[in-house]
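Input: a single structure, listed below in structure tokens.
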Amino acid sequence: MPAPSHCDVLVVGSGNAGFSAALSARQSGAKNVVLIDRCPEEWAGGNSYFTAGAYRIAHDGLKDILQLVSNVSEEQAAKVQLAPYTQDDFLSDIRRVCEDKSDPDLSQALVSESNAAVKWLAANGIRFALSFNRQAYEVDGKLTFWGGLCLKTLDGGKSLIEDYKVAASKHGIEVYFATELISLHHAADGRRVIARVRNDDTEANVTASAVILAAGGFEANPEMRRRFLGAGWDKAAVRGTPYNTGECLQLAQEALGAQPVGDWAGCHSVAWDATYADPRQGDRMASNEYTKSGYPLGLMLNIHGQRFVDEGEDVRNYTYAKFGRAILEQPEHAAFQIWDAQTSGWLRKEEYRRERAERLEAATLEELAALCAARGLVDTQALLATIRAYNDAVHALPADNAAARWNPAVKDGLSTGPHLVPPKSNWALALDTPPFLAVKVTCGITFTFGGLRVDPATAQLVGEKGRLIPGVYCVGEMLGGLFHGNYPGGSGLTSGTVFGRRAGRAAAAYAGQRDINVGA
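Here the sequence shown stands for residues 8 to 527, where the numbers follow the working numbering.
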């Protein structure tokens, strides 16, 4: 069906940010809220559908979180160790992980409103759970949460988008798929925005009092990746929707004079399955399960048998979004993750079970090297030498490691020391206990960091000479300036909701200043 010709607020994009903005606009008094997406309905949700559903929020500890979740028994609650995660903690993580290059007003807005935004989602029917499978290890009988994350949607991105669609229907938000935004301009009065849309082969105008752009980045566009991210990025595997190809980013700049800002050479990218995953687009059944995030428990070596990152630099939540780039920079854009029996049992089953990973298993390291050679390893002797050197470094530092105890839920200090390059700064156990396991990985790109400048208070687009663009707002991956080089895990979805809410409120207020002239 074609979208209506007039509305109060038009939202472009059906992911977390777009649905948050639409709900906020409707609840803030906008009478007619329309949401469009160029994808067919079976691809609803953008990249949000493919997430693990983690939301990073400031909170006061377990009591604060329990009111949001439905999957914790009294017995489990008694075993949970969950320290408060303060606003100062959250801000510190953003500054540290983003190299102190995050826009301070955007990061302050994200952090200060994170808790309230997620509670607003829960009140609107978004189902949440404690993330036992992803963010807690059971150590000494205690379920210990780590890395500033504890909260996820009930079934990742799948339930998130399902819940959003229910909420949108309940609030009378009209949703149109297979409807692409192809142009934008202001009406003669300079206030209303005329959006030209295409549905199948039919084009029509939608006149809106306000427009909220939430159409994603350019991660599914190989040419734009190569142009902005650099050489080799056209070879990265696409983790999510194939419809985030950057046209809306370009349209806002060319048609409205929106100003680009932020880290256009940066992106969120991860260790991704190199065997089963389709490199062109995400799998809506497997979703996030092709991520391979168990590297802190073992080693990563390239096809020449060399290590190239400090696998134990930090807990996984602060390194996984940048290590995809490190893998992409290796020969053939590939690496092998390797574990022994001491740590392989701690790997996430959803990521490393046989349906989601080709498990190369062997009784000796020599046999494992031969299996890897059949999957692209060029130098088996170099791989064995690298592992021997690593094991020697682990054994050479008993005095330094004497007080440290292996614990995957904290930065345990078990290190190879400074003489191994790169070191392994935490969780450094000798890799010497059979059976051994290897999985081949590549780089999977999630979303791009470069976006458009907005007013942090309202997410209204900023144009030339710092002027606000009347009636046009920008949220989600399209919002620039928040993340640089890396990001704290789980803060992307939170950003989409925080600024989606702000944009929805502002757009509804702007739309309410005047009635649309239906005859215009």
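Every residue, glycine too, gets a C-beta built ideally from N, C-alpha and C.
From the options, pick the residue whose C-alpha is nearest to that of residue i; which is it?
i, options, result
"L258", "A293, V245, A202 and R287", "A202"
"A221", "T504, A24, L475 and T440", "A24"
"I189", "E181, G179, R198 and N206", "N206"
"L475", "F57, Y397 and A265", "A265"
"E106", "F506, L500, R512 and N493", "N493"
"I452", "Q115, D280 and E169", "D280"
"Q520", "K299, G163, I133 and R199", "R199"
"C46", "A37, G22 and G68", "G22"
"M292", "F57, D44, A10 and S12", "F57"
"A195", "G487, P477, R512 and P495", "P477"
"F454", "I310, G331 and F139", "G331"
"H340", "K242, N295 and Q94", "K242"
"A529", "K159, G458 and E145", "Residue 529 lies beyond the stretch modelled for the chain, which goes from 8 to 527, so this question has no answer here."
"S422", "L304, R234 and H275", "L304"
"N324", "Y144, D147 and P495", "P495"
"R360", "D317, A10, D386 and Y283", "Y283"
"A90", "P338, C157, L436 and S351", "C157"
"P229", "P286, D208 and V268", "P286"
Going straight from the alpha carbon of residue i to that of residue j, what length do you get?
i, j, result
"K177", "V448", "42 angstroms"
"V104", "D96", "12 angstroms"
"R141", "R355", "7 angstroms"
"V322", "K418", "7 angstroms"
"G526", "G253", "Note that G526 has pLDDT 31, beneath the 50 cutoff, so the model's placement of it is unreliable and the number below is only indicative. Using only the alpha carbons, I get a separation of about 33 angstroms."
"C14", "T214", "6 angstroms"
"D462", "Q313", "46 angstroms"
"A364", "T298", "10 angstroms"
"S35", "P429", "53 angstroms"
"N524", "A84", "Confidence at N524 is low in this model, with a pLDDT of 35, below 50, so the placement of that residue is unreliable and no value is reported for it."
"A516", "S216", "10 angstroms"
"G121", "G164", "It is worth fixing the name first, because residue 121 is Ser in this sequence and not Gly. Roughly 18 angstroms between the two C-alpha positions."
"D522", "A464", "Unreliable placement is indicated for D522, whose pLDDT of 40 sits below 50; the coordinate value is still reported in the next sentence. Roughly 24 angstroms separates the two Cα atoms."
"I72", "V87", "12 angstroms"
"G420", "E358", "26 angstroms"
"L30", "A369", "53 angstroms"
"F315", "M8", "52 angstroms"
"G197", "Q467", "15 angstroms"
"T154", "S294", "Note on residue identity: the sequence assigns Gly, not Thr, to residue 154. Taking the straight line joining both Cα atoms gives about 23 angstroms."
"A416", "Q260", "44 angstroms"
"W434", "N414", "7 angstroms"
DSSP state of residue i, grouped into three classes?
i, result
"V173", "helix"
"H178", "coil"
"N309", "strand"
"Q349", "coil"
"F26", "helix"
"M8", "coil"
"L354", "coil"
"Q88", "strand"
"H66", "strand"
"R291", "coil"
"A116", "helix"
"R314", "strand"
"V125", "helix"
"A130", "helix"
"A435", "coil"
"A341", "strand"
"A37", "coil"
Start and end of the beta strand (DSSP E) containing residue i?
i, result
"C14", "H13 to V19"
"F135", "F135 to L137"
"K159", "L158 to D162"
"F443", "F443 to T455"
"L73", "Segment L69 to L73 is the alpha helix (DSSP H) holding L73; no beta strand (DSSP E) there."
"V146", "A143 to V146"
"K418", "Careful: K418 lies outside any beta strand (DSSP E) and carries neither H nor E."
"F152", "K149 to F152"
What are the start and end residues of the alpha helix (DSSP H) that includes residue i?
i, result
"F330", "Y327 to L335"
"V401", "T387 to H402"
"V41", "V41 -> not in any alpha helix (DSSP H); beta strand (DSSP E) instead, spanning V40 to I43."
"E368", "Note, E368: premise wrong, no alpha helix (DSSP H); beta strand (DSSP E) at L367 to A369."
"V428", "First-last for V428: undefined, no H or E at that position."
"F97", "Q94 to V104"
"E373", "L372 to A380"
### Task
Please specify which runs of the beta strand (DSSP E), each continuous and at least 3 residues long, are wholly inside the region 243-285, giving them in chain order.
274-280
#### Entry: Minimum length 3: unbroken beta strand (DSSP E) runs contained in the region 183-243
If we require 3 residues or more, the beta strand (DSSP E) runs fully inside the region 183-243 come out as 186-193, 200-206 and 209-220.
### Message
At 4 residues or longer, what runs of the alpha helix (DSSP H) sit wholly inside the region 458-526?
### Response
Counting whole runs of 4 or more residues, the region 458-526 contains the alpha helix (DSSP H) stretches 498-518.
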